[in-house]
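Heads up, the thing below is written out as structure tokens.
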Amino acid sequence: MKLTALHFYKYSEPFKSQIVTPKVTLTHRDCLFIELIDDKGNAYFGECNAFQTDWYDHETIASVKHVIEQWFEDNRNKSFETYEAALKLVDSLENTPAARATIVMALYQMFHV
1 MKLTALHFYK YSEPFKSQIV TPKVTLTHRD CLFIELIDDK GNAYFGECNA FQTDWYDHET
61 IASVKHVIEQ WFEDNRNKSF ETYEAALKLV DSLENTPAAR ATIVMALYQM FHV
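Numbering (the UniProt record's numbering), first residue to last: 1 to 113.
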């Protein structure tokens, strides 16, 4: 199996009640989703749990998107046949857990759904 394409989707949903913290007031939740396409044309999806700003963690939607873009370019068309082999492709993302989790969510579907 090989990954041949990556697509990003953004979604925003308003909260019924705003969330107020010492750092930020949230009125809506912005979300980033990825779609990974394999060499057979199958699509697999992952959701990013980072926020638009770094009020909660250093990873943001923008930084996760950037990391995933770089990761995909490094791993496009690399062959893997098992979930364990797919997980080795994300070893380099240990310091960016939100980006890693987004990709792993999609990789999991390739072998377990």
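Heads up, the beta-carbon is just placed ideally off N, CA and C, and yes, glycines get one too.
Note down, in chain order, each residue of its chain lying with its Cβ closer than 6 Å to the Cβ of ALA109, except the 5 sequence neighbours on either side. For the purposes of this step, residue 109 is taken as the residue at position 109 of the sequence shown. As written in the sequence, residue 109 is Gln, which differs from the Ala given in the question. Closer than 6 Å at Cβ, skipping near neighbours: TYR44.
Is the stretch 88 to 100 close to the stretch 5 to 23, with three or more CB pairs under 8 Å? Short answer: they don't touch.
To which residues does DSSP link HIS28 through a beta bridge? By 1-based counting over the sequence shown, the position of residue 28 is 28. Bridge partners of HIS28 according to DSSP: PRO14.
Going by DSSP, what residue range makes up the beta strand (DSSP E) through TYR56? Here residue 56 is taken as the residue at index 56 of the sequence shown, counted from 1. No beta strand (DSSP E) contains TYR56, which DSSP labels as neither H nor E.
Just the Cα atoms here: how many angstroms apart are HIS112 and ALA86? For the purposes of this step, residue 112 is identified with residue 112 of the sequence shown, where counting begins at 1. For the purposes of this step, residue 86 is identified with residue 86 of the sequence shown, where counting begins at 1. HIS112 and ALA86 have their C-alpha atoms roughly 13 Å apart.
Taking PHE111 as part of the alpha helix (DSSP H), name the residues at either end of that continuous run. As a working mapping, residue 111 is identified with position 111 in the sequence shown. From DSSP, the alpha helix (DSSP H) with PHE111 extends over 97 to 112.
Which residues does DSSP list as the beta-bridge partners of ALA43? Position 43 of the sequence shown, counted from the start, is the residue given in the question as residue 43. Bridge partners of ALA43: ILE37.
Cα-Cα, which of PHE51, ASN42 and PHE8 is closest to ILE19? Along the sequence shown, one-based indexing puts residue 19 at 19. Distance check between ILE19 and each of PHE51, ASN42 and PHE8 places PHE51 closest, using alpha-carbon atoms only.
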